[in-house]
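Colleague: Note that our numbering has the sequence shown beginning at 82, numbered continuously upward.
Below are the structure tokens for one structure; questions will follow.
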Amino acid sequence: MTASGPMFTHLLKLAAITFLATSAFSQAPPKYDPATETKVKGAVEQLKLVPPSGGKPVVYVALKGSPDAVEVFLCPKKFLDDMGIEFKAAEEIEVTGSKVKQDGADLILAREVVKGGETLTLRFKDGKPAW
């Protein structure tokens, strides 16, 4: 039996994507900077877990707002699970957080999220994680 064919190609692609996703987040994460704090409102377009399975995944939200879509880092998935919080596609939220750059792309490190009239605190005012 040889290692070829569509299944092997699919497995190679999956391994490459997993490696890239985990290596991007094995670098030192950007620091929260209260000086760059901003508020954005929008609808949840997509919920992302990195890495998608295994390990200790962290949660990102792609937020569809105006004028552009925004990528928001929330927290470790376990923190949301422990609080019983879920985010659904098309759900309107407001995020207060620090606008930073990661790998050349804009990213917001969420400090607070207002969802359904309730405020979820993910970081303290100085930016230290609440988890």
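Beta carbons are placed, not taken as given, at the ideal position from N, Cα and C, and that holds for glycine.
Any beta-carbon of chain D closer than 8 Å to the one on Lys-122?
Modeller: Among the chains in the structure shown there is no chain D, since it carries only a single protein chain.
Colleague: Could you check what DSSP says for Lys-112 in three-state terms: helix, strand or coil?
Modeller: coil
Colleague: Would you kindly check if the distance between the Cβ of Ala-170 and the Cβ of Glu-199 is under 8 Å?
Modeller: no
Colleague: Quick check on Leu-190: buried or exposed, where buried means 16 or more other Cβ atoms within 10 Å of its Cβ?
Modeller: buried
Colleague: Can you give me the Cβ contacts of Asp-187 inside the same chain, cut-off strictly under 6 Å, excluding the 5 residues immediately before and after it?
Modeller: Excluding residues within five positions, none has a Cβ falling inside 6 Å.
Colleague: Mapping DSSP to helix, strand and coil, what is Asp-163?
Modeller: helix
Colleague: Pick out whichever of Lys-196, Pro-157, Val-153 and Trp-212 has its Cα sitting closest to the Cα of Leu-144.
Modeller: Val-153
Colleague: Short of 6 Å in beta carbon distance, which residues of its chain neighbour Lys-120, apart from the five on each side in sequence? Order them along the chain.
Modeller: Thr-177
Colleague: Is it true that the CB of Pro-111 sits closer than 8 Å to the CB of Lys-137?
Modeller: no
Colleague: Going by DSSP in three states, Lys-158 sits in which element: helix, strand or coil?
Modeller: It is helical.
Colleague: In whole angstroms, what is the alpha-carbon distance linking Leu-155 and Ala-211?
Modeller: C-alpha separation (whole angstroms): 11 Å.
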